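Chain order of the listed sequences is A and B. The numbers in my numbering rise by one with no breaks, and the one at position 472 of the first sequence is 494. The numbers in my numbering rise by one with no breaks, and the one at position 346 of the second sequence is 368. Ideal placement from N, C-alpha and C gives every residue a C-beta, glycine not left out. Keep in mind that this is a model prediction, so the values were computed, not measured.
Number of protein chains: 2
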Amino acid sequence: MNPTDGPLCTIDFEPVGKRIAVAPTTTLLDAARAAGVGVASICGGEGQCGRCRVVVMTGQTSAPTAADRLNLSERELADGQRLACQTRVLGDVKVYVPRASQVIEQRLQIEGAARRVQVDPSVHAHAIETSGPSLDDPRSDLERVTDALAPVPGMRWTAEPAVVRPLPALARRTGWRLTAYARGEEIVGFAAPGRKPIGFACDVGTTKVAGYLVDLETGEELGAAGVMNPQIGYGEDVISRLVRATRDAAGAADLARVIREALNGLLGDLAAEAGVARDQVVEACVVGNTAMTHLLLDLPVDQLALAPFVAAASAALDIKARDLGIEAAPGAYLHVLPCVRGFVGADHVAMILASDLDRKPHAAIGVDIGTNTEIGLARPDRGTLTSASCASGPAFEGAHISHGMRAATGAIEIVRIGATGVSVKTVGDAPPVGLCGSGIVDAIAEMHRTGVIDDRGRMKREIEGVRVADQEPEFVIVPAARSGTGRDIVVTQHDVNEIQLAKGAVAAGIETLVEATETRREDIKEVIIAGAFGSYLNLDSALAIGLLPRLPNARYLQVGNAAGVGAKIALLSRAERERARNIARHIGYVELTTSPGFNRRFALSMLFPKRPVYEDA
Amino acid sequence: MNPTDGPLCTIDFEPVGKRIAVAPTTTLLDAARAAGVGVASICGGEGQCGRCRVVVMTGQTSAPTAADRLNLSERELADGQRLACQTRVLGDVKVYVPRASQVIEQRLQIEGAARRVQVDPSVHAHAIETSGPSLDDPRSDLERVTDALAPVPGMRWTAEPAVVRPLPALARRTGWRLTAYARGEEIVGFAAPGRKPIGFACDVGTTKVAGYLVDLETGEELGAAGVMNPQIGYGEDVISRLVRATRDAAGAADLARVIREALNGLLGDLAAEAGVARDQVVEACVVGNTAMTHLLLDLPVDQLALAPFVAAASAALDIKARDLGIEAAPGAYLHVLPCVRGFVGADHVAMILASDLDRKPHAAIGVDIGTNTEIGLARPDRGTLTSASCASGPAFEGAHISHGMRAATGAIEIVRIGATGVSVKTVGDAPPVGLCGSGIVDAIAEMHRTGVIDDRGRMKREIEGVRVADQEPEFVIVPAARSGTGRDIVVTQHDVNEIQLAKGAVAAGIETLVEATETRREDIKEVIIAGAFGSYLNLDSALAIGLLPRLPNARYLQVGNAAGVGAKIALLSRAERERARNIARHIGYVELTTSPGFNRRFALSMLFPKRPVYEDA
């Protein structure tokens with residue numbers, strides 16, 4: 023059947039109350055995206071992750087697919103439950119999107135550790151005051167204003183046509199009193215007199231995007247905000263999106279478009295709130311992992327998705343903000359910080375910049391735990407900085423965990439098992455809905471401490487609270503009666519194994535890097551934990567499960583979104599931008615997957631430590 | 023009546039055989055443009071020029087307007103003749119476009135005088151040969167190729183995302199053997215190995231566009247071609263177009279779009295013919311009068327259309343060719359040469375460059391006669407170069423002349439009046455259709471020589487061949503029996519007056535400039551006549567009617583399209599581009615309209631010289 027045949031089908035999405043008309047055979051997931059209804063999807067619509075579960079309440083749809091049957095029981099199918107990505111509409115339908123399948127706004131970590139930066143941005147404002155043209159002085163508008171700029175010997179001012187375009191009307195409106203924004207010899211914009219130059223820094227994460235508006239004269243932050251990365255609708259993890267982008271040019275274009283629109287919207291919101299005009303925004307600085315910056319710039323990712331996983335470009339790139347559809351001063355640049363490798367991105371460079379990892383007086387580690395975990399190790403005694411990257415999977419972000427979720431309202435972030443049973447604390451103190459990363463780590467540490475799981479991670483069926491469902495043991499964290507979903511919130515044996523894989527990868531990654539750089543663990547005087555997950559992480563639990571190396575708590579520093587702070591630093595200072603370039607060019611890289619002993623260490627690291635022992639104090 | 027009401031009207035254009043459906047009340051001129059039928063219009067659809075005369079053969083149209091009645095007799099109206107710009111369709115109609123109203127392709131002057139240039143373009147090709155990535159060498163693609171570029175101390179290669187985009191696929195296809203095109207430190211494109219860098223030079227005239235494809239390594243011209251400037255459909259003269267552009271943003275956008283498309287098409291044709299790939303075209307260089315370059319770049323022209331007629335920008339401007347929709351290497355620049363003033367454009371600077379006017383050992387004049395005439399006067403004894411500009415009107419281009427036309431097939435270019443009557447020569451030796459510029463000058467010189475007109479330009483009714491039509495005397499050049507239109511081709515008293523105005527403006531302009539620079543006429547050892555009209559001009563006739571100053575023929579040099587040659591020179595040489603900048607910045611300018619004595623001189627120059635007398639030899 024041709025998708026465009028027949029009359030359109032009307033779909034009502036409940037409980038959000040959105041309606042859309044689509045061609046017959048459109049999938050419910052595509053329809054939801056088109057209607058702006060956030061339906062969760064990790065695999066990007068491939069029928070693999072089972073997260074896009076919805077209930078078809080009324081109306082005709084296609085028959086269940088093999089993927090439906092793999093993810094849903096006969097009873098669930100009979101109840102109308104279906105995977106949105108597998109289900110095609112054949113008539114008007116009413117669809118219920120359960121809370122667990124809804125993509126919801128997340129609590130974002132956008133506060134980084136403060137770090138002093140000498141403000142010397144790439145763009146400066148110059149005040150201009152001149153007189154208008156006459157028959158005796160028929161100089162062109164641009165010549166007139168550049169002649170009025172403070173004369174710099176040898177300086178030859180240039181301006182693109184896009185920058186000249188608004189000048190004639192503006193100059194006549196302001197009586198030839200203007201602000202010119204210059205980036206070296208290039209004028210990137212004109213504005214009314216007295217308008218300060220403003221910058222926009224942005225950390226494009228796989229899940230979230232953090233933006234900052236900064237006064238480029240004082241360095242003062244005028245606003246900060248976060249939004250979800252809308253590419254989530256095309257796959258929650260990096261690989262799904264790379265696959266999507268490599269499949270066809272339209273996929274890549276879609277991924278580029280939605281993130282560009284998100285950046286533009288984020289900037290617009292920040293500017294409106296701060297009372298800043300768009301044409302005052304004269305420079306943007308963006309960081310992100312290599313895949314995110316490639317997708318933003320619509321650079322090819324084919325070679326990034328396959329071994330040896332190389333970037334199309336690793337140097338810092340400048341592009342006109344307008345070329346990305348980002349409304350700013352007409353000539354404003356968007357500067358993307360350099361990356362190191364395919365899986366060590368500009369966000370890692372920015373983290374190093376923000377945490378001063380390259381300037382530590384002692385051996386130090388910086389680690390940003392996420393779906394992909396990047397680790398940097400500084401050895402000032404040798405003048406080296408070495409990085410490694412490991413695929414830790416999305417478990418710490420709540421994915422691939424039965425009742426996992428991101429750190430949104432209702433997410434369990436703290437778990438304690440005491441004499442009276444399990445107690446939890448949720449984000450926003452709302453009724454518990456699921457477990458976010460820090461909650462899972464907490465739960466598993468507590469389960470191990472209290473003997474619910476043994477050192478190999480096996481759940482003990484004889485322990486109270488452990489039960490067997492679908493032939494698999496599971497441990498109840500919150501019973502249905504107290505949960506916000508009306509269902510038990512549990513940690514399954516599978517979940518424990520997922521966390522073992524994830525923490526094993528991170529621990530083995532750190533250990534391998536430490537060994538590859540011939541560093542003694544006790545010489546590591548500082549471990550910087552960056553990123554949202556890392557900031558909410560309970561350090562004791564992380565050490566207890568062996569996620570992080572056994573070092574005294576005092577050596578750990580949880581710094582929040584260091585990548586975002588690094589973006590701000592590079593926005594504010596040309597010297598720091600130059601420093602980022604040097605970091606990216608001179609950083610060493612250890613390929614873990616081919617490092618001797620990594621696999622053995624990975625296997626060992628999946629075990630739980632007998633008990634937390636600090637090797638020194 | 024709302025233009026979109028009712029069913030569409032179908033219009034058939036004959037004899038071209040094109041059909042289009044338009045909303046009721048659309049004018050025939052707009053419909054013709056939309057259908058791609060070239061209907062002549064000088065005034066841009068204002069009902070003034072009367073050139074868009076068509077015949078409504080069948081179907082219902084709006085009633086004749088005042089403009090129709092002013093331009094057409096009652097009998098012509100009764101025959102169905104109408105102005106296309108005034109006539110709105112009210113139903114299906116069949117329209118006949120007479121030959122005289124058709125815009126036809128013109129013989130273009132694209133051969134300039136040869137001038138030696140040291141080839142040193144802004145873009146150079148570099149051969150790259152390197153190896154692909156591996157786990158041991160996971161450098162990014164861009165890093166890999168820039169590392170392989172010949173190392174230049176301190177050189178920091180950059181490339182825009184648009185340039186990086188095709189690199190991964192190309193490099194893998196060619197086995198990491200590539201050509202990189204670099205402009206300073208910026209890589210503007212990559213291509214297969216051995217691909218030469220090619221440049222595109224372009225002279226955007228008000229009427230015609232001349233393009234040249236040039237090998238940037240040898241300077242060899244690979245092809246040259248000309249097309250009509252499609253903006254003609256929006257008004258034949260500069261002012262009509264400026265009015266159109268200032269009326270609304272859509273008008274300016276339309277004017278920009280059509281000329282950009284023309285440039286892109288011209289480049290495409292040249293490249294296809296020369297067997298050059300688009301991604302080998304790494305730099306473009308464009309000249310034109312100030313209005314043309316502003317319209318191409320979509321720069322504001324409000325301030326250009328009103329006194330004191332200032333440009334938005336007079337400096338040379340660089341813009342990415344892709345930003346104009348011109349397909350070339352992804353990072354290729356289009357360089358627009360600097361202009362001098364609102365009415366002394368980049369084409370004048372290019373003419374000076376091509377003719378070496380700024381390096382003459384003696385006093386010399388360069389003049390490009392057109393709708394607007396630019397004059398440059400070099401005084402090497404004083405180290406000055408001074409320009410002036412006068413509005414000479416479009417008469418020399420065949421406009422505002424009863425049977426005027428451009429130098430297309432059938433245009434009379436030579437006229438002689440002998441004992442046996444008038445003899446003519448036409449372009450392509452086709453049956454005569456009208457008079458082009460050189461033909462009109464010839465005709466009027468001959469009419470004056472033989473006493474058909476007196477020194478004041480009055481036509482003598484008693485002379486054979488002179489007759490009176492509509493109370494105005496006219497002189498028959500070609501009788502209907504021998505013409506290609508079936509109508510008499512005549513020169514009217516009005517035509518003589520138009521030429522008097524035009525030649526008076528040019529002559530007075532030259533004289534005023536000569537006087538303003540305190541130059542003695544006899545010291546002028548060289549007069550360079552540039553441009554298409556100037557190259558076909560019969561010098562004796564031009565001197566006979568007093569269009570050009572009375573100097574020996576040997577001092578005159580007709581150099582053809584010097585502006586186009588100047589564009590090629592600036593394309594080939596950075597030094598010459600720098601020289602153009604200096605010319606534009608240091609050239610003096612004489613405002614004729616406010617110069618003392620200009621108006622008196624103008625009035626006197628409208629007379630015809632008693633007879634050609636050479637003041638010296």
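Neighbourhood of residue i by C-beta, 6 Å cutoff - its chain only, sequence neighbours within 5 removed
i: ILE150/B; result: VAL167, ALA170, LEU200 and ALA202
i: ASP340/B; result: TYR355 and HIS357
Start-to-end residues for the beta strand (DSSP E) that takes in residue i
i: LEU30/A; result: That residue, LEU30/A, is in no beta strand (DSSP E); it is neither H nor E in DSSP.
i: ARG104/B; result: 103-105
i: ASN394/B; result: 394-401
i: MET79/B; result: 75-80
i: THR406/B; result: 406-413
i: HIS146/B; result: 146-151
Range covered by the alpha helix (DSSP H) that runs through residue i
i: GLN522/B; result: 515-538
i: HIS384/B; result: Run containing HIS384/B: none; DSSP gives neither H nor E here.
Within 8 Å, strictly: CB atoms of residue i and residue j
i: ILE281/A; j: LEU317/A; result: yes
i: GLY364/B; j: LEU321/B; result: no
i: ASP291/B; j: ALA232/B; result: no
i: ALA524/B; j: MET373/B; result: no
i: ALA181/B; j: LEU192/B; result: no
i: GLU239/A; j: ASN286/A; result: no
i: VAL512/B; j: ILE499/B; result: yes
i: GLU305/A; j: GLY392/A; result: no
i: ARG543/A; j: VAL549/A; result: no
i: ASP259/A; j: THR228/A; result: yes
Amino acids of chain A, ordered along the chain, whose beta-carbon sits closer than 7 Å to that of residue i
i: THR616/B; result: LEU157
i: LEU565/B; result: Ordered by position in chain A, no residue passes the 7 Å Cβ test against LEU565/B, which lies about 33 Å from the chain.
i: PRO715/B; result: Nothing about residue 715/B can be read from this structure; chain B reaches only from 23 to 639.
i: ARG363/B; result: PRO160
Below-8 Å beta-carbon distance, residue i vs any chain B residue
i: ALA624/A; result: Reading off the sequence, residue 624/A comes out as Phe, not Ala. Not an interface residue.
i: ASP320/A; result: yes
i: ARG263/A; result: no
i: GLY531/A; result: no
Cβ of residue i within 8 Å of any chain A Cβ
i: SER336/B; result: yes
i: GLN325/B; result: yes
i: GLN128/B; result: Residue placement at GLN128/B cannot be trusted, given a pLDDT of 40 that sits under 50; the coordinates are not used to answer.
Closer than 8 Å at the beta carbon, the chain A residues around residue i
i: PHE331/B; result: PRO160
i: ASP163/B; result: GLN325, VAL332, ALA333, ALA334 and ALA335
Chain A contact residues for residue i, given Cβ-Cβ distances below 9 Å
i: GLU613/B; result: LEU157, ASP158 and PRO160
Listed by chain order, chain B residues near residue i by CB distance under 7 Å
i: LEU339/A; result: PRO183
7 Å CB neighbourhood of residue i in its chain, flanking five on each side removed
i: PHE620/B; result: ALA530, THR534 and LEU614
i: ARG623/A; result: ALA530, GLU533 and THR534
i: VAL139/B; result: GLY241, ILE591, LEU594, SER595 and GLU598
i: SER563/B; result: VAL463, ASP464 and ALA467
Interface residues of chain B facing residue i [CB-CB closer than 9 Å]
i: VAL186/A; result: LEU319, LEU321, PRO322, ALA334, ALA335 and LEU339
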